């Protein structure tokens, strides 16, 4: 009994015991599906039929598949453009909301609204905004005399790509802005006062005080932003279903179409598995970005 009492009083043992329920949940709902999906990617499994091991055949087929290559391009283009725009707008909003402006708390709450609204509802709202016949955006532009006919936002491949990016940016900017605002709140005002006394301009204070101290937060926030954008499914599926002409298909939506709608589980799983290296790259970016935390705390930046 004494051994058991000492065993349970051990801090490391208690930590492991408290982590065990979460670890089991992750194992059942994350690790197992990931492992099963990876396995299916190397088989020719169909819906309702167990597959046989085919090695890299699915991946070789996808490399030569024009639609899969287009989905990869769409995903990278969608992720890069949307992430950059979200960062720029989010940083601008964070800097603005960090100032002493009237009704600051109200505006901070309003900024969160696009992120709180369910993705499917946001997609339906944008679907109406972009509608070829009843678009409020086209109506407003016609009334202002800027255009002479309604724009088919979701009917043209490049317009559809840009339209989905706008919808994603509208939804994702609040997350970036609020996280960066939280980071700005941790920067001591005395640093800005010292820089101002040394004659630093507002741009120099931002460049040499704000940006370096905000770098660890930026690394984490942008990593999550890239992960959320790269794996986006709901917004695209509700808004365009991957059309027109597969111009808005992302790897996630094409994987769902091939595996569930098309019945080819192996091919769809291979597409999903091909996303993993890109997600790992984003995580590594976050890891190396966090190394600057030592510099922030006064240590050496290695």
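Numbering (my numbering), first residue to last: 1 to 302. All residues carry an ideal CB built from backbone N, CA and C; glycine is no exception. Keep in mind the model is a prediction, meaning the values are calculated, not measured.
| query | With which residues is residue 53 paired in a DSSP beta bridge? | reply | 43
| message | Can you list, in chain order, the residues of its chain with a C-beta nearer than 6 Å to that of residue 205? Leave out the 5 residues immediately preceding and following it. | response | 192 and 195
| field | DSSP state of residue 133 mapped onto helix, strand, coil | value | coil
| message | Taking a contact to mean a Cβ-Cβ separation below 9 Å, would you say residue 236 touches residue 180 in this structure? | response | no
| said: Rounded to whole angstroms, what is the Cα-Cα separation between residue 296 and residue 141? | reply: Low per-residue confidence applies at residue 296: pLDDT is 49, beneath 50, and the placement is therefore not dependable, though the value from the model is reported in the following sentence. About 48 Å.
| Buried versus exposed call for residue 24 [16 or more other C-beta atoms within 10 Å across all chains shown] | exposed
| field | Beta-carbon gap between residue 79 and residue 229 smaller than 9 Å | value | yes
| request: My understanding is that residue 36 touches residue 251, with C-beta atoms under 8 Å, so please give their C-beta distance in whole angstroms. | output: So it is not a contact: roughly 18 Å between Cβ atoms.
| C-alpha gap between residue 268 and residue 60, whole angstroms | 13 Å
| query | Whose CA, out of 115, 42 and 51, lies closest to the CA of residue 270? | reply | 42
| Which two residues bound the contiguous alpha helix (DSSP H) that contains residue 204? | 202–205
| query | Considering only the beta carbon of each residue, do residue 159 and residue 153 sit closer than 9 Å? | reply | yes
| query | What do you get for residue 199, buried or exposed, if any count of 16 or more other CB atoms within 10 angstroms of its CB means buried? | reply | exposed
| said: Measuring alpha carbon to alpha carbon, tell me which residue in 244, 239, 63 and 258 is nearest residue 120. | reply: 239
| said: Does residue 232 pass the burial test, meaning 16 or more other C-beta atoms within 10 Å, or should it be called exposed? | reply: buried
| query | Candidates 136, 183, 266 and 177: which alpha carbon is nearest residue 225's? | reply | 177
| message | Please state the DSSP three-state secondary structure of residue 229. | response | helix
| task | Kindly list the residues whose CB is nearer than 6 Å to the CB of residue 266, restricted to its own chain and excluding five residues on each side of it in sequence; keep chain order. | result | 40, 43, 44, 45, 51 and 58
| Under 9 Å between the Cβ atoms of residue 173 and residue 279? | no
| Whole runs of the alpha helix (DSSP H) within the stretch 105–185, excluding any shorter than 4 residues | 119–129, 136–143 and 157–185
| said: Quick check on residue 83: does DSSP put it in helix, strand or coil? | reply: helix
| What residue from 275, 211 and 170 has the CA that sits closest to residue 111's CA? | 170
| task | To the nearest angstrom, report how far apart residue 187 and residue 96 are at their CA atoms. | result | 15 Å
| Shortest alpha-carbon distance to residue 246 belongs to which of 156, 98, 149 and 63? | 156
| query | For residue 132, which of 149, 122, 144 and 143 has the nearest alpha-carbon? | reply | 149
| query | Under the three-state reduction of DSSP, which class applies to residue 268: helix, strand or coil? | reply | helix
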